[in-house]
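Under the numbering used here, the very last position in the sequence shown is 467; numbers go up by exactly one each time. Beta carbons are placed, not taken as given, at the ideal position from N, Cα and C, and that holds for glycine. These figures come from a predicted structure and were not determined experimentally.
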Amino acid sequence: MSFAERFDVVLFDLDGTLIETAPDLCGALNHTLAQAGRSGVVLDQVRHMIGDGARVMLRLGLEATGEYPTDDEVEQWFGVLLDYYWHHVADDSFAFDGVLASLDALRSAGLQLAVCTNKPVALSNRLFDKLAMADYFAAVLGGDSLAVRKPDAGHILGTLDAIGVAPDRAVMIGDSANDLNAARNAGIPVVLVTFGYTTVPVGELGADALIDHFDQLLPALEMLAHKLA
Numbered sequence: 239m240s241f242a243e244r245f246d247v248v249l250f251d252l253d254g255t256l257i258e259t260a261p262d263l264c265g266a267l268n269h270t271l272a273q274a275g276r277s278g279v280v281l282d283q284v285r286h287m288i289g290d291g292a293r294v295m296l297r298l299g300l301e302a303t304g305e306y307p308t309d310d311e312v313e314q315w316f317g318v319l320l321d322y323y324w325h326h327v328a329d330d331s332f333a334f335d336g337v338l339a340s341l342d343a344l345r346s347a348g349l350q351l352a353v354c355t356n357k358p359v360a361l362s363n364r365l366f367d368k369l370a371m372a373d374y375f376a377a378v379l380g381g382d383s384l385a386v387r388k389p390d391a392g393h394i395l396g397t398l399d400a401i402g403v404a405p406d407r408a409v410m411i412g413d414s415a416n417d418l419n420a421a422r423n424a425g426i427p428v429v430l431v432t433f434g435y436t437t438v439p440v441g442e443l444g445a446d447a448l449i450d451h452f453d454q455l456l457p458a459l460e461m462l463a464h465k466l467a
């Protein structure tokens with residue numbers, strides 16, 4: 239059985255999976271930290287702060303550069319972060335090597351593509367628009383699209399509901415424990431990239447497959463299709 243026969247949709251995480259967004263997120267965070275009178279952080283630090291949404295990233299940035307912030311302090315600076323990021327969302331962000339070719343190949347094989355990300359949906363759509371990627375996806379659900387977000391199964395299931403695909407016909411592609419746990423909670427297989435944003439090495443997470451480059455995605459899906467047949 240081929241992957242095109244086994245799956246109807248491929249779900250993708252966004253940050254660190256489809257797109258290298260850390261440079262622009264780092265820029266937005268450092269702008270906000272400077273406004274708050276804090277020192278900046280470096281790109282490698284930010285890579286480990288991404289995945290649970292911008293508010294968590296801001297909190298982690300404030301923690302890393304001074305006293306532990308109160309909830310009020312986080313909220314005070316959250317709007318500054320979002321406003322700056324909105325205007326600089328694609329200054330230095332780019333699709334990882336092989337992403338566009340893989341999306342083209344999956345779509346040509348008859349699969350639907352969708353995005354399930356903890357990034358706010360308006361920012362996700364703006365980024366896809368800026369990078370001319372919006373037409374690839376049948377649905378984009380962000381961290382504020384539903385009452386729950388990854389790793390809650392409801393985020394994935396809500397994304398599937400939006401395009402009318404059953405969970406047993408889906409596969410998730412991500413880069414972190416949030417993606418893996420959301421997929422596991424929803425009962426779907428998961429492929430993790432090794433080059434994304436994670437605090438735990440992806441090799442320790444127990445994904446169904448790992449890929450080091452998007453050139454390996456279709457063979458990984460083919461392997462999964464045979465395994466699950």
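I'd like to check one pair, residue j with residue i: are the Cβ atoms closer than 7 Å?
i       : j       : result
Thr-432 : Leu-456 : no
Asp-413 : Leu-430 : yes
Gly-299 : Leu-267 : yes
Leu-398 : Pro-405 : yes
Thr-255 : Gly-434 : yes
Leu-249 : Ala-328 : no
Leu-497 : Ser-362 : Because the chain is modelled from 239 through 467, residue 497 falls outside the range shown and cannot be assessed.
Using 10 angstroms around the beta-carbon of residue i, count the other beta-carbons present and answer buried if the total reaches 16, otherwise exposed.
i       : result
Glu-301 : exposed
Gly-291 : buried
Tyr-315 : Note that residue 315 is Trp in the sequence shown, not Tyr. The residue is buried, with at least 16 neighbouring Cβ atoms inside 10 Å.
Ser-383 : buried
Met-239 : exposed
Gly-396 : buried
Gly-317 : exposed
Gly-275 : exposed
Gly-441 : exposed
Ala-424 : buried
Gly-289 : buried
Pro-439 : exposed
Using the C-alpha atoms, what's the distance from residue j back to residue i?
i       : j       : result
Leu-459 : Phe-241 : 6 Å
Asp-373 : Gly-304 : 42 Å
Arg-293 : Met-287 : 10 Å
Ala-467 : Arg-244 : 7 Å
Ser-346 : Trp-324 : 32 Å
Leu-462 : Ala-333 : 24 Å
Leu-281 : His-464 : 39 Å
Ala-445 : Ala-421 : 10 Å
Tyr-306 : Ile-257 : 30 Å
Glu-313 : Arg-364 : 23 Å
Met-295 : Met-410 : 23 Å
Val-428 : Gly-348 : 20 Å
Have a look at the options and flag the residue whose alpha-carbon is nearest the alpha-carbon of residue i.
i       : options                            : result
Leu-271 : Glu-243, Ala-260, Arg-297          : Arg-297
Asp-356 : Arg-276, Ala-274, Leu-379          : Strictly speaking, residue 356 in this sequence is Asn, with Asp absent from that position. The option with the nearest alpha carbon to Asn-356 is Leu-379.
Asp-335 : Asp-453, Ala-274, Val-312          : Asp-453
Ala-408 : Cys-354, His-269, Gly-275          : Cys-354
Ala-415 : Ala-424, Val-359, Thr-437          : Thr-437
Ala-360 : His-464, Gly-381, Leu-462, Ala-370 : Gly-381
Glu-311 : Phe-366, Tyr-322, Leu-369, Gln-273 : Gln-273
Gln-283 : Cys-264, His-269, Gly-289, Ser-277 : Cys-264
His-269 : Val-280, Ala-421, Tyr-322          : Tyr-322
Asp-330 : Ile-411, Leu-418, Thr-259          : Thr-259
Val-337 : Gly-348, Glu-313, Leu-369, Pro-358 : Leu-369
Can you name, in chain order, every residue of its own chain whose Cβ lies under 7 Å from the Cβ of residue i, other than the five neighbours on each side?
i       : result
Gln-350 : Asp-246, Val-247, Ala-376, Ile-401, Val-403
Val-386 : Gly-392, His-393
Can you list, in chain order, the residues of its chain with a C-beta nearer than 8 Å to that of residue i? Leave out the 5 residues immediately preceding and following it.
i       : result
Ala-343 : Leu-456
Asp-507 : Outside the displayed range of the chain (239 to 467) lies residue 507, so it cannot be described from this structure.
Near residue i, what residues of its chain come up, given a Cβ to Cβ distance below 6 Å and the 5 sequence neighbours on each side ignored?
i       : result
Asn-419 : Pro-389
Phe-366 : Ala-372
Ser-277 : Thr-303
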